[in-house]
Ligand code: SF4
Ligand code: SF4
């Protein structure tokens with residue numbers, strides 16, 4: 002974590018003992034953030050609109066004739082870029098999550114909490130949508146403060162009601178999209194075609210999620226980033242002195258304060274202590290104290306300070322993307338040994354993941370000898386064992402299956418079936434006997450190997466055992 006030596010001399014580190022949005026009595030302090038403006042804010046807005054388009058349209062796009070993205074946890078059905086995944090693919094999911102987490106760690110070690118400020122759905126919706134609507138209805142931070150303090154007159158009731166109704170409607174839209182990802186667009190449409198009362202469970206889920214999103218964006222706000230989000234709280238572990246974060250250049254900025262005519266301006270730093278960077282911060286911190294867990298790297302303070310620097314004719318980026326080593330020693334971006342290590346592990350994980358996805362079998366077979374049964378002696382003297390076999394079809398096409406007995410020498414007799422066809426994207430269970438002539442039996446416990454094929458093409462090999470009487 003950065004420490005700000007000059008500022009420390011002025012302020013100490015007491016700010017690390019308390020949260021900016023809680024007073025000494027533990028009561029929430031509402032943060033009225035000044036409306037940001039500037040180049041970075043403009044780019045963030047553009048990027049946010051790109052993300053909104055991706056988020057709101059993805060569940061409605063189709064690939065291979067199916068919803069492009071589906072994460073139906075209840076029905077244990079997942080589709081990623083048109084490829085169906087089953088709970089049997091848990092190993093792939095675990096690896097995917099591990100790779101994603103490591104990617105976030107590497108990214109954080111190198112570039113700090115940029116994800117939070119620029120791509121996290123919480124910030125994207127909060128700062129780029131809900132807060133902008135708030136500015137539109139209630140005005141900038143000073144007017145919002147005034148409105149909060151004034152009595153509940155017609156103006157306040159009208160503004161607050163309008164804001165909260167719009168907030169709820171947007172939350173409802175987000176909840177619909179969220180459900181489109183989790184229960185599928187088809188199931189969501191049933192709410193409209195069959196009527197709300199026909200699907201009370203789905204309706205309750207929709208209203209519950211709408212209310213949760215509304216509560217988060219109308220009331221919880223920065224508390225999510227500052228207190229609840231585990232990623233935010235791990236920053237202290239991930240950042241090091243070379244990490245590029247939003248940072249105040251205290252060497253350049255201190256001693257802060259406005260230079261008066263009679264003073265020697267040369268002894269003043271570039272920071273004129275206007276506090277614009279504090280006023281604009283959505284988590285209510287003063288970045289001049291150094292890197293803090295509450296900073297989401299949203300860059301609102303960078304824009305605010307740049308504007309001031311332009312006005313006082315100083316170079317921009319008194320606050321900007323920098324590292325502790327960058328500020329102290331003028332060092333540029335450096336790839337440390339730790340970063341190299343993380344990156345190598347990440348590349349290995351990613352390669353393994355791609356290989357596993359590419360070589361994923363289209364059918365997954367589980368073979369078990371029927372529990373609790375020994376062997377049977379048939380009328381012709383042959384010995385048989387009963388087996389249960391389960392197929393998971395991981396494609397959107399139905400697949401005909403042939404079973405080829407490799408060992409022991411004998412034949413497979415299907416129970417209740419002439420052939421096996423696994424319906425698309427489904428699980429199929431069936432049973433069969435393996436019949437073996439007594440002369441082919443070598444011991445009372447023999448290995449069974451079966452090749453699973455489709456239209457003559459080998460898919461996989463499964464194994465079990467065959468019980469027989471002691472010779
Ligand atoms: S906006 Fe810049 S000049 Fe103003 S207080 Fe912050 S760091 Fe100092
Ligand atoms: S300190 Fe700056 S970058 Fe960090 S959250 Fe506040 S405004 Fe955003």
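Residue numbers (my numbering): 2 to 472. We put the CB at the ideal spot given by N, CA and C, even for glycine.
query = Ordered along the chain, which non-local residues of its own chain (more than five positions away) have a Cβ less than 7 Å from that of residue 99?
reply = Within the chain shown, residue 99 is the residue found at index 98, counting from 1. These residues qualify, in order along the chain: 350.
key: Inter-stretch contact at 8 Å, needing at least 3 Cβ pairs: the region 76–85 / the region 58–67   = yes
ask   = Can the beta-carbon of residue 254 be found less than 8 Å from the beta-carbon of residue 319?
value = Sequence index remark: in the chain shown, residue 254 carries index 253 (1-based). Sequence index remark: in the chain shown, residue 319 carries index 318 (1-based). Their beta carbons are under 8 Å apart, which means residue 254 touches residue 319 by this criterion.
query = Does the region 372–389 come close enough to the region 340–360 to have 3 or more Cβ pairs within less than 8 Å?
reply = no
inquiry  = Please determine whether the Cβ atom of residue 38 lies at a distance below 7 Å from any heavy atom of ligand 1.
reply    = Mapped onto the chain shown, residue 38 falls at position 37. No.
key: Proximity below 8 Å, CB of residue 448 to CB of residue 408   = On the chain shown, residue 448 is found 447 positions in, with the first residue counted as 1. On the chain shown, residue 408 is found 407 positions in, with the first residue counted as 1. Yes, the pair counts as a contact, with Cβ atoms nearer than the cut-off.
key: Near ligand 1: residue 311 beta-carbon under 7 Å from a heavy atom   = Taking the chain shown and counting its residues from 1, one reaches residue 311 at position 310. Checking every heavy atom of ligand 1 against the Cβ of residue 311, none is found closer than 7 Å.
inquiry  = Cutting at 7 Å between CB atoms, please list the residues of its own chain near residue 130, excluding the five before and the five after it.
reply    = Working through the chain shown from its first residue, we reach residue 130 at position 129. Excluding sequence neighbours, residue 130 sits near 171.
message = Measuring alpha carbon to alpha carbon, tell me which residue in 42, 70 and 41 is nearest residue 55.
response = Start at 1 with the first residue of the chain shown, and residue 55 comes out as number 54. The shortest C-alpha separation from residue 55 is found at 70.
query = Which residue spans inside the region 225–257 form an unbroken beta strand (DSSP E) run of at least 3?
reply = 246–249
task = Using only the heavy atoms of ligand 2, determine whether one of them is closer than 7 Å to the beta carbon of residue 275.
result = As a first step, residue 275 is located in the chain shown; it is residue number 274 there, counting from the start. No - ligand 2 has no heavy atom lying nearer than 7 Å to the Cβ of residue 275.
inquiry  = Distance check for residue 435 and residue 417, CA to CA, integer angstroms please.
reply    = For the purposes of this step, residue 417 is identified with residue 416 of the chain shown, where counting begins at 1. For the purposes of this step, residue 435 is identified with residue 434 of the chain shown, where counting begins at 1. Cα-Cα distance, rounded: 14 Å.
query = Helix, strand or coil: which one does DSSP assign to residue 130?
reply = Sequence index remark: in the chain shown, residue 130 carries index 129 (1-based). Residue state, collapsed to three classes: helix.
Extent of the continuous alpha helix (DSSP H) to which residue 118 belongs = Within the chain shown, numbered from 1, the residue matching residue 118 stands at position 117. Counting along the chain, the alpha helix (DSSP H) containing residue 118 begins and ends at 115–119.
request  = Go through the region 148–212 residue by residue and report every complete run of the alpha helix (DSSP H) that reaches 4 residues or more, in order.
outcome  = 155–183 and 186–194
key: residue 220 in three-state terms, based on DSSP   = As a first step, residue 220 is located in the chain shown; it is residue number 219 there, counting from the start. Residue 220 falls in the helix class under three-state DSSP.
message = On the CB-based measure, 16 or more other CB atoms within 10 Å of its CB, does residue 373 come out buried or exposed?
response = For this step, residue 373 is matched to residue 372 along the chain shown. Label assigned to residue 373: exposed.
task = Rounded to whole angstroms, what's the CA-CA distance from residue 236 to residue 298? Just pull it up for me.
result = The residue you call residue 236 lines up with position 235 of the chain shown. The residue you call residue 298 lines up with position 297 of the chain shown. Roughly 12 Å between the two C-alpha positions.
inquiry  = Less than 8 Å between C-beta atoms, sequence neighbours within five positions excluded: which residues of the same chain meet that for residue 189?
reply    = Walking along the chain shown from the start, residue 189 turns up at place 188. Cβ within range, chain order: 177, 180, 181 and 203.
request  = Measure from the alpha carbon of residue 174 to the alpha carbon of each residue in 198, 212, 363 and 445, then state which is nearest.
outcome  = Within the chain shown, residue 174 is the residue found at index 173, counting from 1. Measuring from the Cα of residue 174, the nearest candidate turns out to be 212.
task = Evaluate residue 362 with the Cβ neighbour count: other Cβ atoms within 10 Å of its Cβ, from every protein chain shown; 16 or more gives buried, anything less gives exposed.
result = Translated into positions along the chain shown, residue 362 becomes position 361. So residue 362 counts as exposed.
Buried/exposed call for residue 445, threshold 16 Cβ in 10 Å = The residue labelled residue 445 in the question sits at position 444 within the chain shown. Exposed is the call here.
ask   = How about residue 397 and residue 426: are their beta carbons less than 8 Å apart?
value = As a working note, residue 397 is residue 396 in the chain shown. As a working note, residue 426 is residue 425 in the chain shown. Contact flag set, yes.
inquiry  = Using a Cβ distance threshold of 8 Å, determine whether the region 293–308 contacts the region 267–279, with at least three qualifying pairs required.
reply    = yes
ask   = Between which two residues does the beta strand (DSSP E) carrying residue 79 extend?
value = On the chain shown, position 78 is the one that residue 79 refers to. It spans 78–81 - the beta strand (DSSP E) in which residue 79 sits, taken as one unbroken run.
task = With a 10 Å radius around its C-beta and 16 neighbouring C-beta atoms as the bar for buried, classify residue 356 as buried or exposed.
result = Position 355 of the chain shown, counted from the start, is the residue given in the question as residue 356. Answer is exposed; the Cβ neighbour count stays below 16.
key: Own chain partners of residue 22 with C-beta closer than 8 Å, once the 5 adjacent residues on each side are dropped   = The count along the chain shown starts at 1 and reaches residue 22 at position 21. Correct list, in chain order: 29, 30, 31, 32, 223, 224, 227, 284 and 285.
request  = Classify residue 69 as helix, strand or coil using the three-state DSSP reduction.
outcome  = Position 68 of the chain shown holds residue 69. Coil, per DSSP.
ask   = Tell me the DSSP bridge mates of residue 100?
value = Position 99 of the chain shown, counted from the start, is the residue given in the question as residue 100. For residue 100, which the question treats as bridged, DSSP gives no partner whatsoever.
query = Apart from the five residues on each side of it in sequence, which residues of its chain come closer than 6 Å, Cβ to Cβ, to residue 376?
reply = Counted from its first residue, the chain shown places residue 376 at position 375. 384, 386, 468 and 469, listed in sequence order.
task = For my contact list, residue 243 and residue 335 are in at a C-beta cut-off of 8 Å; report their separation, rounded to the angstrom.
result = The residue you call residue 243 lines up with position 242 of the chain shown. The residue you call residue 335 lines up with position 334 of the chain shown. The Cβ separation is near 5 Å, so the contact holds.
inquiry  = Taking DSSP's pairing of strands, which residues face residue 26 in a bridge?
reply    = On the chain shown, residue 26 is found 25 positions in, with the first residue counted as 1. DSSP lists no partner for residue 26.
message = By the three-class DSSP mapping on this structure, what secondary structure does residue 318 have?
response = Residue mapping note: residue 318 aligns to position 317 of the chain shown, counting from 1. Three-state result, residue 318: coil.
request  = Compute the distance between the beta-carbons of residue 247 and residue 240, then report whether it is under 8 Å.
outcome  = Here residue 247 corresponds to residue number 246 of the chain shown, with the count starting at 1. Here residue 240 corresponds to residue number 239 of the chain shown, with the count starting at 1. No, Cβ-Cβ distance for residue 247 and residue 240 is not below 8 Å.
query = Closer than 7 Å: is that where the CB of residue 254 sits relative to any heavy atom of ligand 1?
reply = As a working mapping, residue 254 is identified with position 253 in the chain shown. Under cutoff, so the answer is yes.
ask   = Along the chain, where does the beta strand (DSSP E) that runs through residue 36 open and close?
value = As a position in the chain shown, residue 36 is number 35, starting the count at 1. Residue 36 -> no beta strand (DSSP E), and no H or E assigned at all.
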